[in-house]
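Engineer:
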Amino acid sequence: GHFSIYRPIGWLMFSLGYHCILHNIVTATTGTTMTYSLIQVRTEADKVGVITLNRPKQLNALNPQLMIELGQALKAFEADPRIGCMVITGSEKSFAAGADISEFGETRNDAAAAASYEQLNGQAFAAIRGASKPVIARIQGFCIGGGLAIALACDLRVADPSAVLALPPARLGLAYPLD
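In this text, residue positions in the sequence shown follow this note's numbering: the first is -13, and each later residue adds one.
1. Within 10 angstroms of the Cβ of residue 92, are there 16 or more other Cβ atoms? Answer buried if so, exposed if not.
2. Just to confirm, is the Cβ distance from residue 81 to residue 142 under 9 Å?
3. Can you find the residues in the same chain that come closer than 8 Å, C-beta to C-beta, to residue 100, ignoring five residues on each side of it along the sequence?
4. On a CA-only basis, which of 140, 41, 30 is nearest residue 22? Give me that one, please.
5. Just mark residue 157 as buried or exposed, buried being the case when its beta carbon has 16 or more other beta carbons within 10 Å.
6. Name the DSSP beta bridge partners of residue 90, please?
7. Let me know if residue 122 comes out buried or exposed under the rule of 16 or more other beta-carbons within 10 Å of its beta-carbon.
8. Leaving out the 5 sequence neighbours to the left and right, which residues in its chain are closer than 6 Å to residue 154 when beta-carbon positions are compared?
9. So for residue 48, helix, strand or coil by DSSP?
10. Kindly indicate the opening and closing residues of the alpha helix (DSSP H) around residue 166.
11. Helix, strand or coil for residue 156 per DSSP?
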């Protein structure tokens, strides 16, 4: 379970001189604790920013609010000079189970809504790919569709043996944008 996934990350942090001591992330500019509703953030050893997707009942299915928060947290860690790398993770059961299709009626009900949804997702993926600090995906359980896209946007992926990677839209002849 946990040991197999934490060991590579722990080794990486140890090799970079970091020790795993958990506490809340404090922004460099305001000194206030960042809070979000669909993700959890923390730092380890004042050097590693950890973002945990936190929609356990939906297996961390991605929705617009989660993607906004993911982008915001990445930008906050990016701006913090103490942070040397970032880790995106989910739960033991699911890294991210893809887009929350229960919200497609709202997010994709017409061309304008679909374009807005895609732009929002693109901004979150751009925050991952454009980060000047390494971004690591720590994958356990389901990593499907948009969850796999998040993992692929990261610089490094560390997958537990429980990881299930899939891209269901490919079966329908659909593709993700190249940007």
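Note that CB positions come from ideal geometry on N, CA and C, so glycine has one too.
Structural biologist: Reading from the atomic positions:
1. Mapped onto the sequence shown, residue 92 falls at position 106. Result: exposed.
2. By one-based count along the sequence shown, residue 81 stands at place 95. By one-based count along the sequence shown, residue 142 stands at place 156. No. Outside cutoff.
3. One-based indexing of the sequence shown puts residue 100 at position 114. So the list reads 93, 94, once near-sequence residues are dropped.
4. Taking the sequence shown and counting its residues from 1, the one referred to as residue 22 is at position 36. Per the Cα distances, 41.
5. Working through the sequence shown from its first residue, we reach residue 157 at position 171. Result: exposed.
6. For the purposes of this step, residue 90 is identified with residue 104 of the sequence shown, where counting begins at 1. Residue 90 pairs with nothing; no bridge assigned.
7. Within the sequence shown, the letter at position 136 stands for residue 122. Classification for residue 122: buried.
8. The residue given as residue 154 occupies position 168 in the sequence shown. If we look at residue 154 and ignore the five residues flanking it on each side, its Cβ neighbours are 131.
9. Here the question's residue 48 lines up with position 62 in the sequence shown. In the structure shown, residue 48 sits in a strand (DSSP, three-state: E or B).
10. Limits of the chain in this structure are -13 at one end and 165 at the other, which puts residue 166 out of reach.
11. By one-based count along the sequence shown, residue 156 stands at place 170. It is helical.
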